[in-house]
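Data first, discussion second: the structure below is written as structure tokens.
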Amino acid sequence: MNLYKISQDVNDDWDTFDSAVVVAESAEEAKKIIPDHHGGYRENPDYEISIYDWAKPEYVTAELIGVADNDFLNSLDGRTTVVASFNAG
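Per this note's numbering, the sequence shown runs over residues 4 to 92.
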């Protein structure tokens, strides 16, 4: 699995995420991950629920930053988000 830095600048107000490092097989899969306070999750079929603190995949940028080894993947226990930047307000 790869590590991607995902970012968005559509929602840049308070109480929004602007970026995260996530685990995904491809950049397209990474763009579908929605960061949250509990480790993130894969695609949400109803992005309207999350649009207030993130963005739809077409507005997300994904940059490959590395590869995760199996020990690290196991330590995530199913979470997809390694770290996220949240602008609390």
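Every residue gets a Cβ at the ideal spot worked out from N, C-alpha and C, and that includes glycine.
On a predicted model such as this, the values are computed, not experimentally measured, just so you know.
Taking 6 Å as the limit between beta carbons, can you name the residues of its chain near residue i, skipping five residues before and five after?
{"i": "residue 33", "result": "7, 9, 25, 27 and 65"}
{"i": "residue 60", "result": "34 and 35"}
{"i": "residue 23", "result": "9, 38, 84 and 87"}
{"i": "residue 63", "result": "9, 11 and 34"}
Rounded to the nearest angstrom, how far is the Cβ of residue i from that of residue j, given a contact under 8 Å?
{"i": "residue 56", "j": "residue 19", "result": "5 Å"}
{"i": "residue 11", "j": "residue 58", "result": "4 Å"}
With a CB to CB cut of under 8 Å and the five nearest residues on each side skipped, what residues in its chain are close to residue i?
{"i": "residue 17", "result": "90, 91 and 92"}
{"i": "residue 4", "result": "26, 27, 28, 70, 71 and 76"}
{"i": "residue 95", "result": "The question about residue 95 has no answer here: the residues shown for the chain are numbered 4 through 92."}
Who does residue i pair with in a DSSP beta bridge?
{"i": "residue 64", "result": "10"}
{"i": "residue 84", "result": "25"}
{"i": "residue 90", "result": "19"}
Evaluate residue i with the Cβ neighbour count: other Cβ atoms within 10 Å of its Cβ, from every protein chain shown; 16 or more gives buried, anything less gives exposed.
{"i": "residue 13", "result": "exposed"}
{"i": "residue 68", "result": "exposed"}
{"i": "residue 39", "result": "buried"}
{"i": "residue 21", "result": "buried"}
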